[in-house]
Amino acid sequence: MLPDSELMGDFTDKYNAFPKEILLYAKIIPGLEEIWQKAGHPVEFGPKLYFSSESPKVLIVMDDLKAKGYRMIPRQEGLSLEQGKVLLTKLAKFHSASNLEFDLKNIAEELLKKKSQNLLSYDVYPAAGKGNNFSSVIHRIEIKFLDKDSGIVTEKFIIKILPSGDRGKFMEKHNIFYREIHVYDSILPQVSSLLSQIGCTTKLAPECITVLSNPCTLVLEDLCNSNYKMLNRREGLNLEQSMDVLENIAKFHAASVKISEINPKSMEMLFENSISECINSFCIFYKTGLASLKELIEQWEGFEEIAEKLENLQERIIEKIFENYMKKSTFCVLNHNDLWTNNVMFKYDSSGKLINSAIIDYQFVYWGSPAIDLNFFLYTSIEEGVRKAHWNHLIHHYHKILSKTLKDLKATTIVPKVTEIHAEVIQRGVQGILACLLKAAVIIAPVESVDFGLILSEREEGASYRRQLFSNPKYVEFIKPLICEAGE
């Protein structure tokens with residue numbers, strides 16, 4: 004209750020202290036707890052509020068934390084290291100959730116400002132669960148607003164925000180998030196325009212709604228509104244799905260070539276090779292992963308020679324990957340550079356027939372040989388039986404669509420022969436095989452158990468986590484035939 008002391012009463016009245024406290028317990032704390040709940044990490048920031056009143060007396064009725072086993076530490080003692088860590092962890096979660104809440108409200112208001120509409124409410128949900136995304140924080144935001152013609156309208160969008168901490172510093176240092184913004188805001192609209200001029204209306208990617216600066220935010224069309232869905236990454240794609248993805252990436256590649264011919268300035272930012280600038284950071288996944296994979300294979304009888312090859316490769320991995328990216332090619336395209344199941348969404352009709360596939364997440368785009376995308380996709384995303392039985396057919400299909408699209412766009416760049424594309428894929432195949440061997444550990448692991456921070460960590464906790472990933476019996480069963488293939 005409000006203090007009877009006249010001095011304290013004047014103080015709380017002057018600074019509106021108790022109404023602010025009521026607001027905190029009634030709305031703010033539950034709202035911040037809900038953010039963590041939706042992210043799959045429930046947390047309690049304070050006691051639950053049961054009743055509050057501001058008249059005739061200020062009254063707040065809430066949980067008795069002592070009854071739940073909580074106790075207050077004598078302030079004269081000071082906190083122990085363990086207590087200090089627990090408190091600072093809780094405080095950091097409180098601050099981060101409050102910061103996100105503030106950012107999302109600003110984003111919602113900014114979106115409606117462009118529509119000249121009044122915000123009624125907004126809600127936010129994680130759009131990518133733990134273990135699904137490393138390079139940005141992704142949310143789905145649902146906005147309700149009042150439209151003078153339609154009444155109350157609800158719209159959903161995907162928002163991508165530059166992450167905080169080490170991930171954010173890495174993204175900023177290597178200009179990764181801003182490259183993705185440039186692709187969505189500038190390159191993809193040009194791709195769509197060029198393809199529409201030749202009668203191709205296929206949706207290749209979500210539309211960029213807007214780019215906001217504070218905080219740096221990319222607002223995208225939510226493909227789920229159009230019934231697109233992500234498939235289970237633990238199940239490889241079938242032939243039909245694989246051909247559809249290759250058809251769309253071929254169109255994207257062809258359009259990027261035409262853009263570089265007619266508007267090279269718009270591609271300048273992407274001609275800069277981010278890989279060469281962050282090669283050590285970029286290859287840490289391969290370097291640490293190979294070490295863990297070698298540890299695993301050394302335990303298998305009859306695989307001693309392959310383990311030795313991996314040890315030799317481990318010493319030269321950065322050089323090999325750098326060489327793979329920097330090796331000149333007579334034919335270059337804008338590669339997606341992370342083309343696997345998790346970065347593709349599929350749309351089906353009511354009868355279950357595949358209509359289209361759309362490619363998402365363009366943060367690692369790279370100007371170079373199309374073999375980069377082809378290797379990565381063929382080795383990481385397709386059912387093993389389909390890949391082996393239809394390898395030549397899949398590459399021919401990609402080449403057929405690429406050639407036709409370049410011809411229809413009247414591109415002046417010489418189209419490589421299918422045999423040349425095939426040769427490029429084989430020559431640069433080391434990265435596809437490595438990506439398959441190492442990424443499979445992530446793909447097969449339960450989504451909620453994947454921690455990208457630990458996967459990339461060079462500390463002992465990272466090594467311990469990777470050993471756990473690579474010793475998964477399902478991974479071992481999957482990987483043995485591929486190890487034999489890679490060792491041939």
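4 is the number of the first residue of the sequence shown in the working numbering; add one for each residue after it.
Each residue gets a CB set at the ideal place from its N, CA and C atoms; glycine is no exception.
Meets three-Cβ-pair contact criterion under 8 Å: the region 318 to 334 and the region 362 to 380: The answer is yes - the region 362 to 380 touches the region 318 to 334, with three or more Cβ pairs under 8 Å.
Nearest residue (CA-CA) to K147, options L165, I164, P166 and Y125: Your numbering for residue 147 matches position 144 in the sequence shown. If we check each option's Cα against that of K147, Y125 comes out closest.
Whether R182 touches I446 by CB criterion (9 Å): Sequence index remark: in the sequence shown, residue 182 carries index 179 (1-based). Sequence index remark: in the sequence shown, residue 446 carries index 443 (1-based). No, Cβ-Cβ distance for R182 and I446 is not below 9 Å.
Within the region 412 to 439, ranges of the alpha helix (DSSP H) (whole runs, at least 4 residues): Counting only runs of 4+ residues, the alpha helix (DSSP H) found wholly inside the region 412 to 439 occupies 421 to 430, in chain order.
C-beta contact flag for N345 and N251 at 9 Å: Here residue 345 corresponds to residue number 342 of the sequence shown, with the count starting at 1. Here residue 251 corresponds to residue number 248 of the sequence shown, with the count starting at 1. The answer is no: Cβ separation not under 9 Å.
For Y187, the first and last residue of its enclosing alpha helix (DSSP H): What you label residue 187 is simply residue 184 of the sequence shown in a count that begins at 1. Annotation: Y187 is outside any alpha helix (DSSP H) and is labelled neither H nor E by DSSP.
Minimum C-alpha distance to Y53 - residue among I63, G154 and E47: Translated into positions along the sequence shown, residue 53 becomes position 50. Cα-wise, what sits closest to Y53 is I63.
Residues near E24 by beta carbon distance below 8 Å, same chain, minus five either side: In the sequence shown, the residue the question calls residue 24 occupies position 21. In its chain, beyond the 5 residues on either side, I63 have a beta carbon closer than 8 Å to the beta carbon of E24.
Inter-residue CB distance, L240 and I385 (contact presumed, cutoff 8 Å): Counting from one through the sequence shown, the residue named residue 240 turns up at place 237. Counting from one through the sequence shown, the residue named residue 385 turns up at place 382. The pair is a contact, with the Cβ atoms about 5 Å apart (cut-off 8 Å).
Closest residue to Y493 among I486, A444, H393 and I482 (Cα-Cα distance): This structure cannot settle anything about residue 493, because the visible part of the chain is limited to 4 through 491.
9 Å Cβ cutoff, L165 in contact with chain D: Among the chains of the structure shown, chain D does not appear; only one protein chain is present.
Cβ-based neighbour list, P50, same chain, cut-off 6 Å, excluding 5 preceding and 5 following: As a first step, residue 50 must be located in the sequence shown, where it is residue number 47. Beyond the five residues adjoining it in sequence on each side, P50 comes within less than 6 Å, by CB distance, of M65, D66 and L68 in the same chain, given in chain order.
Span separating the alpha-carbon of Q193 from that of I262: Against the sequence shown, residue 193 aligns to sequence position 190. Against the sequence shown, residue 262 aligns to sequence position 259. For Q193 and I262, the gap between their C-alpha atoms comes out near 7 Å.
Inter-residue spacing [alpha-carbon to alpha-carbon] between V368 and G87: For the purposes of this step, residue 368 is taken as residue 365 along the sequence shown, with counting starting at 1. For the purposes of this step, residue 87 is taken as residue 84 along the sequence shown, with counting starting at 1. Whole-angstrom Cα-Cα distance: 43 Å.
Simplified DSSP assignment, three categories, for C211: Position 208 of the sequence shown, counting from 1, holds the residue named residue 211. If DSSP states are grouped into helix, strand and coil, C211 belongs with the strands.
Presumed contact (8 Å Cβ cut-off) between Y289 and L437, rounded CB distance: Position 286 of the sequence shown, counted from the start, is the residue given in the question as residue 289. Position 434 of the sequence shown, counted from the start, is the residue given in the question as residue 437. Y289 to L437, Cβ: 6 Å. Contact.
For I144 and A111, believed in contact at Cβ under 8 Å, the rounded distance: In the sequence shown, counting from the first residue as 1, residue 111 sits at position 108. In the sequence shown, counting from the first residue as 1, residue 144 sits at position 141. At roughly 6 Å, the Cβ-Cβ gap stays under 8 Å, so A111 and I144 are in contact.
Nearest residue (CA-CA) to L226, options N475, E480, M348 and K403: Reading the sequence shown from its first residue, position 223 is the one you call residue 226. Among N475, E480, M348 and K403, the Cα nearest to that of L226 belongs to M348.
Short Cβ contact (9 Å threshold) for A257 with A414: Taking the sequence shown and counting its residues from 1, one reaches residue 257 at position 254. Taking the sequence shown and counting its residues from 1, one reaches residue 414 at position 411. Remark: C-beta atoms of A257 and A414 approach each other more closely than 9 Å.
Rounded C-alpha distance that separates I201 from H396: The residue labelled residue 201 in the question sits at position 198 within the sequence shown. The residue labelled residue 396 in the question sits at position 393 within the sequence shown. Rounded to whole angstroms, I201 to H396 spans 25 Å at the Cα level.
Cβ separation of F48 and E36, assumed to be a contact under 8 Å, to the nearest whole Å: Here residue 48 corresponds to residue number 45 of the sequence shown, with the count starting at 1. Here residue 36 corresponds to residue number 33 of the sequence shown, with the count starting at 1. Right, their Cβ atoms sit about 6 Å apart.
T213 beta carbon less than 9 Å from that of A466: Residue 466 sits at position 463 when you count from the first residue of the sequence shown. Residue 213 sits at position 210 when you count from the first residue of the sequence shown. The answer is no: Cβ separation not under 9 Å.
Residue interval of the beta strand (DSSP E) (run including D126): In the sequence shown, the residue the question calls residue 126 occupies position 123. Note, D126: beta strand (DSSP E), N121 to P129.
Proximity below 9 Å, CB of S259 to CB of L337: Along the sequence shown, one-based indexing puts residue 259 at 256. Along the sequence shown, one-based indexing puts residue 337 at 334. In contact: S259 and L337 (Cβ atoms closer than 9 Å).
Terminal residues of the beta strand (DSSP E) in which S360 lies: As a working note, residue 360 is residue 357 in the sequence shown. From DSSP, the beta strand (DSSP E) with S360 extends over L357 to I362.
Bridge-paired residues (DSSP) for T220: Here residue 220 refers to the residue found at position 217 when the sequence shown is read from its first residue. Under DSSP, T220 takes part in a beta bridge, and its partners are I164 and L215.
Option in L409, T383, D411 and E427 with minimal Cα separation from I398: Within the sequence shown, numbered from 1, the residue matching residue 398 stands at position 395. Of L409, T383, D411 and E427, the residue nearest in Cα terms is E427.
Distance CB(F334)-CB(P267) smaller than 9 Å: On the sequence shown, residue 334 is found 331 positions in, with the first residue counted as 1. On the sequence shown, residue 267 is found 264 positions in, with the first residue counted as 1. No, the pair does not count as a contact, with Cβ atoms beyond the cut-off.
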